[in-house]
Every structure is written in structure tokens, then in C-alpha cells.
Amino acid sequence: MTAPDIRLVVADLDGTLLDEHKQLPAGTLGLIRDLHAAGVAFAPASGRQWATLASMFEPVADDLVIIAENGAYVTDRGTEVAVHPFEGPWVSRTVARIQGLSDEGVDLGIVVCGVRSAWITRTDRAFLDQVEPYYRRLEVTDDLTAIDDTIIKIAVHDFGDLEAVTAPFLREHCQPNPVPVSGAHWVDVMAEGVDKGLAVRELQKAMGIDSTQTMAFGDYLNDYEMLQAADWSFAMGNAHPDIIDVANHLAPPNHENGVITTVRSVLGL
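Numbering (the numbering used here), first residue to last: 375 to 643.
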């Protein structure tokens with residue numbers, strides 16, 4: 375069987391490429407190098423910050439395509455492909471609304487994500503333990519509404535039941551902006567129209583390819599649009615039911631190295 379003409383492989387991280395310990399599985403860097411040798415670009419696609427992703431893939435970062443901040447910031451070998459910022463007044467209003475939830479007793483923390491750094495006011499160890507793995511560049515400020523940075527995402531960590539108050543509140547008050555749930559306790563607010571799917575389409579345009587030449591892997595709801603942008607879309611065996619429904623194919627679960635084994639099998643690497 376002839377391997378398909380894939381030019382771009384995109385993979386979510388948590389629950390997808392990473393193992394059950396949130397580590398890159400053995401063989402990841404070797405796969406990326408083999409893909410590059412075959413003329414195929416590889417892109418991690420994550421809600422993580424760009425600096426965090428570059429650090430995670432440091433040995434191959436100079437040759438990497440990176441989809442950071444759930445699609446709000448995209449680079450190709452260090453060159454900016456797309457950046458999708460909020461308008462300043464909108465950020466201030468939204469942060470104030472979320473802070474109002476906290477004032478009412480919801481146990482949450484806010485991360486205002488800029489191109490240069492991520493910004494927080496809450497500094498207790500419980501919150502930092504949740505934030506630091508995702509945001510390598512992290513600064514503390516007294517005022518999240520007065521940050522000197524280009525703001526591209528607002529992330530909220532709810533220590534309780536995310537769907538009880540915080541996620542529904544954001545969906546109601548942030549329309550028409552996307553509010554993707556990226557984990558059991560994490561929800562993001564994006565600039566209007568921004569998601570991982572948009573990032574993939576922007577990369578396709580920049581690379582002169584289309585969905586038939588794109589392979590994508592995901593497991594959770596913030597991967598939905600990304601899978602729609604790729605004909606070779608794979609839900610992980612451990613994926614959310616909605617992701618399994620939207621994907622064209624099923625890969626083994628993340629703890630069985632599903633991304634690596636599937637890419638090598640399909641492309642004959």
C-alpha cells in the first residue's frame with residue numbers, strides 16, 4: 375500500500391502524544407527527525423505557552439512548527455505565522471468578570487496569557503502547581519487588567535467542578551468568543567474565531583497544502599476543530615466521545631504510544 379502524501383502532522387499533547395505521566399514517550403524525537411527527513415512537518419498543538427513547548431521539544435525546536443495557546447500563537451521554525459490578540463478593553467472587562475466569581479467564593483485562578491509571558495496574581499502553592507507545568511515564562515502582577523503585553527488567551531483553573539459555575543458563566547458572558555474546555559479543571563477564553571482548527575488552516579495556507587495532506591491527533595474537546603481541519607484525523611482510544619465521533623480514524627490510547635505507532639504505520643517510517 376502506498377503511503378499517503380502527508381506534509382503536516384499535528385498532535386495535541388495531554389492525553390494524546392504525552393504518556394500517562396505527562397511525559398514525551400520514548401521515540402518522539404526520533405519520529406520528528408524521521409518526519410523532517412521525509413519532508414513532513416510536525417506540530418505540537420497545545421494550550422501550553424510557546425516557551426513551554428519550545429523547551430519540551432528543545433533538541434528539535436529549531437525545526438518545529440508550534441501551535442501554542444490553543445491556536446492563538448503559531449510559529450514555523452521560529453518565524454511567526456499567526457498571532458491572534460484580544461482588544462485591550464475586552465480583556466479588562468473579562469478579567470473583572472472572572473475575578474467577580476472568585477470574590478463570590480469560587481475557588482479559581484486566572485492566567486492572562488501574553489506573547490511575552492503569562493501573568494498571574496494568585497501565588498499560593500496549590501495554584502502554582504497547576505500553572506507552572508504549562509507556563510514556563512510566568513510573571514506575578516498586582517493588576518491583571520494593566521499588563522504591558524500582547525494578550526492572546528485568558529486561562530482559568532477551577533479547583534472545583536468546572537461545569538458547575540465557571541464554564542457556563544464564561545460561555546454566557548464571553549460570546550461570541552470561543553470558550554474551550556482543555557481539561558477537567560481548565561477552561562480558556564480565546565479571541566473570536568480562534569481555535570486549533572484555525573491554526574491548522576493557517577499553517578496549511580502558509581505551507582501550500584490542504585486537509586488531504588494533514589494528519590491530526592486529539593483526545594479532548596479543544597481538539598474538535600483541529601480534527602475537522604485534517605482528512606487524516608485520529609481520535610485517541612482514550613478520547614472524549616465527541617472527539618471519537620468527529621474523527622475519521624481511531625488510534626491506540628496515549629499510554630500505548632498511539633501517535634508514534636500510528637504515524638509510523640500509516641507513513642511507513
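Every residue, glycine too, gets a C-beta built ideally from N, C-alpha and C.
- Burial check for D562: the Cβ neighbour count within 10 Å reaches 16 or more, so the residue is buried.
- Secondary structure at S607: strand, using DSSP grouped into helix, strand and coil.
- Minimum Cα-Cα distance from R381 among the listed residues I441, T540 and A604 corresponds to A604.
- Distance from the CA of S639 to the CA of A385, rounded to the nearest whole angstrom, comes to 16 angstroms.
- Taking a C-beta distance under 8 angstroms as the contact criterion, T453 and I440 do not qualify as a contact pair.
- Looking at the backbone, the Cα of G582 and that of E576 are separated by about 10 angstroms.
- The Cβ atoms of V514 and L475 lie no closer than 8 angstroms to each other.
- In the structure shown, E454 falls within a strand segment according to DSSP collapsed to helix, strand and coil.
- Per DSSP, T635 is one residue of the alpha helix (DSSP H) stretching across G632 to L641.
- Restricted to the region 396–464, the beta strand (DSSP E) segments that are unbroken, complete and at least 3 residues in length are 415–419, 439–442, 447–450 and 453–457, listed in chain order.
- Judged by DSSP secondary structure, H547 falls within the alpha helix (DSSP H) whose first and last residues are T540 to H547.
- The beta carbon of V637 sits closer than 8 angstroms to those of V383, L405, L409, M589 and L643, all from its chain and outside the five residues before and after it, given in chain order.
- Straight across, the Cα-Cα distance linking R499 with H547 is about 29 angstroms.
- Between V485 and V505, the CB-CB gap stays under 8 angstroms.
- Taking the Cα positions, W493 is about 6 angstroms away from C487.
- In this structure I526 touches E443 by the C-beta definition: roughly 5 angstroms separates them, less than 8 angstroms.
- Around the beta carbon of N622, a 10 Å sphere encloses fewer than 16 other beta carbons of the protein chains shown; the residue is thus reported as exposed.
- In this model, W560 and L536 are separated by some 7 angstroms (Cα to Cα).
- According to the DSSP assignment, V553 belongs to no alpha helix (DSSP H), since it is labelled neither H nor E.
- Distances from the CA of S420 to each of M430, V414 and A412 were compared; the closest alpha carbon is that of M430.
- When the five nearest sequence neighbours on each side are left out, the beta carbons in the same chain lying within less than 8 angstroms of the beta carbon of N612 are those of G389, D593, P627, N628 and H629, in order along the chain.
- Closest by C-alpha distance to V414, out of A565, A377, A446 and L427, is A377.
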